[in-house]
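Mind the numbering: the sequence shown is residues 19 to 151 in the numbering used here, read in order.
Glycine included, each C-beta is placed from N, C-alpha and C at the ideal position.
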Amino acid sequence: MKYLIFLIGFVGLIGANSLSVEEIENKIVKIDGPRSGINLATLDNVSDPFVYPVVVSQNDENSTSTKRIVLSGLMNNRAYINDNWVKVGDDVMGYKVGYIGKNGVILNKGSKVKKLFLKEKKKSLIQFKEGGR
């Protein structure tokens, strides 16, 4: 396989060197000519190419009382979510646990997907001192 890749690369290099100096000079002359840009009048008539997001305010009572899904720990293919240990296939607030990995969990609800990750490690309450007693 390596030999085949080397052979294809070598043949490509030989083919790339087949241009003469005159041919290269002719290509440069064609490229070097003056180029016309877009007319300013045409540019003024162009619509804005950017799409701006529409912000929808949610003043619903339900939006303020929704509970967050919080991943607190992972151990032995189980996840500690909202003070409960769950495994793949369990339900969490209407979402089904689809995957539990080393660093996070994937929850599915129809076509919706939520990815939960662990926060940074907290400083341990237990501290060890090096050296003697």
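Residue i to residue j, Cα distance in whole Å?
i: R189; j: L22; result: The structure shown does not extend to residue 189, since the chain is modelled only from 19 through 151, so no value can be given for it.
i: I56; j: E40; result: 32 Å
i: L37; j: K48; result: 16 Å
i: G51; j: L136; result: 58 Å
i: T82; j: K120; result: Annotation note: pLDDT 45 at T82 (below 50); position unreliable, coordinate value reported separately. Their backbone Cα atoms lie some 32 Å apart in a straight line.
i: F24; j: Y70; result: 49 Å
i: K20; j: I26; result: 10 Å
Taking the Cβ atom as the reference point for each residue, do residue i and residue j lie within a distance shorter than 9 Å?
i: I118; j: V106; result: yes
i: V115; j: I99; result: yes
i: N126; j: Y113; result: yes
According to DSSP, which residues form a beta bridge with residue i?
i: G55; result: Its beta-bridge partners do not exist; DSSP assigns none.
Excluding the 5 residues preceding and the 5 following residue i in the sequence, name in chain order all residues of the same chain whose CB lies nearer than 6 Å to its CB.
i: V123; result: L89, A97 and L134
With a CB to CB cut of under 8 Å and the five nearest residues on each side skipped, what residues in its chain are close to residue i?
i: V110; result: I87, I99, N100, N102, V104 and L125
*Three-pair Cβ contact test at 8 Å for the region 53–65 versus the region 83–92*: No: the two stretches stay apart, fewer than three of their Cβ pairs being nearer than 8 Å.
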